[in-house]
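Undergrad:
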Ligand SMILES: CC(C)(COP(=O)(O)OP(=O)(O)OC[C@H]1O[C@@H](n2cnc3c(N)ncnc32)[C@H](O)[C@@H]1OP(=O)(O)O)[C@@H](O)C(=O)NCCC(=O)NCCS
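Residue numbers (our numbering): 30 to 408.
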């Protein structure tokens with residue numbers, strides 16, 4: 030057969046599918062902006078609440094706007110009792126499967142589920158952002174045989190998540206780490222999960238469908254699952270002395286070192302620069318500096334790979350931070366998800382505002398025009 034002559038873009042590498050004002054990435058110098066603001070400024074100065082507002086409404090809020098927005102977020106944290114029942118029924122599944130299922134189920138309780146106007150989509154995005162931590166924390170407790178903790182309106186988004194997880198008021202330094210982690214994960218161009226969310230939106234499916242798609246796509250180890258894999262690797266390495274030979278063995282087997290490499294960044298991911306000192310300081314504060322030392326050694330062994338554009342990404346340090354905050358490793362991707370819902374929402378709004386069905390092509394390479402034979406005549 031003569032193959033069709035087509036220009037293939039496998040993996041859509043470097044293919045621009047649309048325009049956006051949500052975020053800008055320059056992968057060659059490791060630069061990331063949300064709505065024009067540098068991630069370095071946001072990570073050091075902005076709360077997650079301010080960042081959500083920035084992504085959803087396109088500007089940083091003033092004090093009155095932030096207070097009003099924060100009150101709406103807080104008022105939407107609680108889950109219908111039926112969602113808690115669904116979490117109980119699915120409690121033995123992976124937290125991302127429970128989160129995806131609960132988000133799907135929340136669609137049936139959202140009065141605006143079918144309204145794809147910008148205003149309703151933003152309101153739904155706020156609700157889902159507010160509800161996701163309650164789903165994740167409730168599941169984490171239910172599977173341990175504990176009761177879910179009622180959200181605490183005196184705490185920030187990040188603080189309330191840690192509170193709902195442990196049932197105890199969190200340390201302010203721990204809250205700041207999770208808050209920053211949410212800020213760093215909030216938006217990132219048309220990565221695989223945002224692409225998934227956009228594909229759903231491009232069919233004019235609603236925000237709950239798009240976010241459920243985003244959660245599904247994010248689960249994979251090549252995307253959101255890497256932080257969990259990095260910490261598993263660190264635990265497997267066990268101590269600093271083993272780290273160099275462990276990584277060299279991995280590389281000689283041509284295995285990928287999780288937390289390294291990125292489709293867009295060919296320099297260090299700027300988000301990793303913020304988490305590295307935090308991981309070090311947290312390890313010292315918790316009296317467990319060895320995890321940082323192990324990862325630091327892994328990073329040193331990987332240094333020659335930087336020439337090929339394989340550098341630390343955001344997931345390299347985040348896993349050790351979650352681990353030191355006593356967060357179970359299968360919850361790590363859910364934390365990424367909680368941070369990313371505003372980014373998915375912002376991109377779904379963009380997709381709706383200037384919609385075009387996302388429908389690429391595949392080059393067919395199978396046989397042609399085979400003769401159909403009836404079942405009794407087949408060998
Ligand atoms: C993220 C990722 C999927 C991007 O991959 P990509 O852009 O498709 O790059 P490719 O898979 O084409 O890899 C290009 C080359 O770099 C190598 N490479 C990429 N990431 C690597 C890693 N983490 N460790 C070792 N080698 C790596 C590949 O083996 C390949 O080498 P080759 O050309 O000799 O075959 C990939 O870097 C990866 O699997 N990283 C680990 C998972 C991870 O941390 N994900 C979180 C991303 S935020």
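C-beta atoms are modelled at their ideal positions from N, C-alpha and C, and glycine is treated no differently.
1. Could you tell me the alpha carbon to alpha carbon distance between residue 351 and residue 361, rounded to whole angstroms?
2. Return the CA-CA distance between residue 294 and residue 338, expressed in angstroms with no decimal places.
3. Buried or exposed: which applies to residue 416, given that a residue is buried once 16 or more other Cβ atoms fall within 10 Å of its Cβ?
4. What three-state label does DSSP hand residue 341 in the structure shown?
5. Hey, how far is the Cα of residue 41 from the Cα of residue 391?
6. On the criterion of 16 or more Cβ atoms from any shown chain inside 10 Å, does residue 220 qualify as buried, or is it exposed?
7. On the DSSP letters alone, give me the boundaries of the beta strand (DSSP E) that residue 82 sits inside.
8. Measuring alpha carbon to alpha carbon, tell me which residue in 112, 207 and 218 is nearest residue 75.
9. Could you check what DSSP says for residue 70 in three-state terms: helix, strand or coil?
10. Flag this pair as yes or no: are the beta carbons of residue 82 and residue 95 separated by less than 8 angstroms?
11. Would the C-beta of residue 38 count as close to ligand 1, meaning under 7 angstroms from any of its heavy atoms?
12. Excluding sequence positions up to five away, which residues of its chain have a Cβ less than 7 angstroms from the Cβ of residue 168?
13. Should the region 130-143 be called in touch with the region 175-195, which here means at least 3 C-beta pairs below 8 angstroms?
14. Hey, how far is the Cα of residue 215 from the Cα of residue 395?
15. For residue 372 and residue 227, I'd like the C-alpha separation in whole angstroms.
16. Report the rounded CA-to-CA distance for residue 51 versus residue 380, giving the unit in angstroms.
17. Among the residues of its own chain, which have a CB less than 7 angstroms from the CB of residue 37, if the five just before and after it don't count?
18. Kindly list the residues whose CB is nearer than 7 angstroms to the CB of residue 142, restricted to its own chain and excluding five residues on each side of it in sequence; keep chain order.
19. Would you kindly report the start and end of the unbroken alpha helix (DSSP H) that includes residue 115?
20. Considering only the alpha carbon of each residue, which of 211, 177 and 157 lies closest to residue 240?
21. Roughly how many angstroms separate the alpha carbons of residue 308 and residue 347, rounded to a whole number?
22. Here's a check: name, in chain order, each residue in its chain whose Cβ is nearer than 8 angstroms to the Cβ of residue 277, leaving out the five neighbours to either side.
23. Please report the Cβ distance between residue 359 and residue 255, rounded to the nearest whole angstrom; I am assuming they are in contact, meaning their Cβ atoms lie under 8 angstroms.
TA: This is what the structure holds:
1. 7 angstroms
2. 7 angstroms
3. Nothing in the structure corresponds to residue 416, since the chain is present only between 30 and 408.
4. strand
5. 12 angstroms
6. buried
7. No beta strand (DSSP E) contains residue 82, which is instead part of the alpha helix (DSSP H) from 77-86.
8. 207
9. helix
10. yes
11. no
12. 116, 120, 124 and 127
13. no
14. 41 angstroms
15. 11 angstroms
16. 11 angstroms
17. 392
18. 136, 235 and 237
19. 110-118
20. 157
21. 8 angstroms
22. 330
23. Not quite, the Cβ-Cβ distance comes to about 14 angstroms (not below 8 angstroms), so this is no contact.
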